[in-house]
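These notes are about the structure you will find just below.
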Amino acid sequence: MILKTLLTGMVALSAFAAEPIIFPPLDIHKLHQQELANEKLGEAPRFAVVRKVSVRPEYFEEREGLLVWKQRVKAPNAVSLNFAFQKFKLSSNAKLSIYSTDFTETIRDFTADDNNIHEELWTPVIFSDDVIIELTLPESELNEFKLELTRVNQGFRTFSQKTLKSGDCNVDVVCEEGDEWRKEINSVGVISTGGSSFCTGFMVNNTSNDRTPLFMTAAHCRIRDYNAASLVVYWNYQADQCGGARNGKLDQFNTGSEFLAASSKSDFALVKLLNNPEPEWNVTYAGFDARDLDSPQATAIHHPATDEKSISFEFDPTTTTSYLKDEVPGDSTHIRVENWDVGTTEPGSSGSPLFNAEKRVIGQLHGGYASCRSATPDWYGRIHTSWEGDGVPEKRLVDWLDPGKTGELVTDTIE
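Following the numbering used here, the numbering of the sequence shown begins with 24 at its first residue and continues without gaps.
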């Protein structure tokens with residue numbers, strides 16, 4: 024039988040189920056052309072078109088003593104879908120499931136354990152254009168949940184289907200070049216914000232070594248207080264063979280964050296994830312160095328064009344400059360990498376960490392001109408500059424990375 028929730032909170036019989044939501048097909052070619060232009064301007068790459076909706080559970084079906092609401096979402100030719108529930112609070116025994124209509128793709132179930140301070144849920148992507156959203160709960164909890172679907176994000180490329188192709192000079196982190204950097208590699212993740220754009224970021228340690236889930240990226244990756252809930256971080260998205268198939272998986276993820284600080288001067292953003300990554304994912308917390316020093320060499324770990332994770336090496340000294348400038352020291356806000364000796368960076372690498380010779384983060388990628396075809400510079404916002412930033416907690420790092428006011432400027436990577 025089909026049941027309908029009335030305004031009184033009671034349950035009544037109904038003969039109707041929820042109508043499917045169907046979106047028109049995307050003009051994929053046009054979107055790719057737009058992204059070519061945007062990415063050349065240094066903007067965070069987009070992978071989805073945002074569709075605003077307002078859908079609440081209304082019609083329920085009775086199944087084995089439980090109430091079940093289903094909503095079908097269909098977006099022909101979309102390569103993926105992801106969803107925003109900007110009213111989200113599940114009751115104790117409720118379960119929210121998202122799966123493709125052919126049952127070949129699924130996202131893990133969401134439960135009351137996923138309730139959070141924002142009362143929002145932003146999901147990872149599911150690689151299907153025809154999806155069921157399903158809520159299951161006991162009838163006794165019918166008035167104890169909040170759920171409203173507010174955005175459907177219609178993907179026009181996957182994380183490895185690039186508009187600007189990842190160059191063939193990139194080195195997979197699984198290759199032997201990454202062997203000395205395994206701990207640092209595990210601190211880096213690919214991120215999406217607003218369900219529509221992506222960058223790179225990393226977990227960062229603090230002087231307390233207490234595994235607070237602090238996560239850094241670039242300010243131009245558009246994470247602010249108003250959208251921190253929309254952050255999704257994917258861990259261990261990497262090829263399993265050096266130079267092999269692009270077979271990275273996106274099934275290890277954290278969703279949601281609390282905004283802490285950001286500054287356009289050094290292009291950093293710092294958030295606190297709502298939960299620590301699961302222990303079995305082996306995510307690490309990168310050490311940092313906030314001292315006013317150049318490095319004799321540098322290493323970048325990143326997702327070029329949001330491809331599987333790569334590693335790049337610069338064997339010459341870094342210099343301190345202004346953004347996109349060569350003069351030393353300029354305004355001293357950025358680290359200039361002359362050119363990459365191994366690998367490169369690309370759109371999607373923004374926000375990724377730059378490690379010094381001691382394997383500590385000294386900056387995060389702001390932008391530059393590097394590519395496999397061009398041995399040209401990149402610029403990273405300096406941790407040293409971001410440390411005191413603009414003098415207030417919401418625009419600097421010191422309050423968050425040195426919570427005990429120890430005065431220490433250096434930490435190591437921890438597991």
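Idealized CB from N, CA, C, for every residue including glycine.
{"Item": "Residue environment, residue 186, which counts as buried when at least 16 other CB atoms sit within 10 Å", "Value": "Only weak support is given to the placement of residue 186: the predicted model assigns it a pLDDT of 42, under 50, and the question is left unresolved by the model."}
{"Item": "Cβ separation of residue 45 and residue 97, assumed to be a contact under 8 Å, to the nearest whole Å", "Value": "5 Å"}
{"Item": "Stretch-stretch touch, CB-based, cutoff 8 Å, three pairs: the region 396 to 403 with the region 361 to 371", "Value": "yes"}
{"Item": "Minimum length 3: unbroken beta strand (DSSP E) runs contained in the region 151 to 205", "Value": "153 to 161, 169 to 178"}
{"Item": "Run of the alpha helix (DSSP H) containing residue 422, from where it starts to where it stops", "Value": "421 to 424"}
{"Item": "DSSP bridge partner residues for residue 376 (one or two, in chain order)", "Value": "387"}
{"Item": "Cut-off 7 Å between Cβ atoms - residues of its own chain near residue 231, not counting five sequence neighbours on either side", "Value": "426, 427"}
{"Item": "Close-in-space but distant-in-sequence residues of the same chain around residue 201 (CB under 7 Å, 5 per side omitted)", "Value": "208, 334"}
{"Item": "Reduced DSSP secondary structure (H/G/I, E/B, other) of residue 56", "Value": "helix"}
{"Item": "Backbone CA spacing between residue 408 and residue 192 [nearest angstrom]", "Value": "31 Å"}
{"Item": "Simplified DSSP assignment, three categories, for residue 41", "Value": "coil"}
{"Item": "Whole-angstrom distance between residue 171 and residue 77, CA atom to CA atom", "Value": "7 Å"}
{"Item": "For residue 252 and residue 376, the rounded distance between their alpha carbons", "Value": "22 Å"}
{"Item": "Residue 243 - containing alpha helix (DSSP H), residue span", "Value": "Taken as a continuous stretch (DSSP letters only), residue 243 belongs to no alpha helix (DSSP H), as it is neither H nor E."}
{"Item": "Within-9 Å CB hit, residue 191 to chain B", "Value": "Structure shown: chain B not included; a single protein chain is present."}
{"Item": "Closest Cα partner of residue 322 within the set 416, 120, 365, 166", "Value": "365"}
{"Item": "DSSP beta-bridge partners of residue 122", "Value": "129, 155"}
{"Item": "For residue 5, the first and last residue of its enclosing alpha helix (DSSP H)", "Value": "What the structure shows of the chain is the stretch from 24 to 438, and residue 5 is not part of that stretch, so it cannot be assessed."}
{"Item": "Assigned exposure category for residue 243 - 16 Cβ within 10 Å defines buried", "Value": "buried"}
{"Item": "Euclidean distance between Cα positions of residue 144 and residue 430", "Value": "37 Å"}
{"Item": "Identified DSSP bridge partners for residue 94", "Value": "156"}
{"Item": "Check whether residue 302 and residue 320 have beta carbons under 9 Å apart", "Value": "no"}
{"Item": "Where residue 59 falls, given that 16 or more other Cβ within 10 Å makes a residue buried", "Value": "exposed"}
{"Item": "Short Cβ contact (9 Å threshold) for residue 238 with residue 424", "Value": "no"}
{"Item": "Contact the region 286 to 304 vs the region 158 to 176: 3+ CB pairs below 8 Å", "Value": "no"}
{"Item": "Test item: CB-CB of residue 259 and residue 267 under 9 Å", "Value": "no"}
{"Item": "Close Cβ partners of residue 386 (< 7 Å) along its chain, the five nearest in sequence each way excluded", "Value": "358, 377, 403, 404, 405, 406"}
{"Item": "Proximity below 9 Å, CB of residue 324 to CB of residue 280", "Value": "no"}
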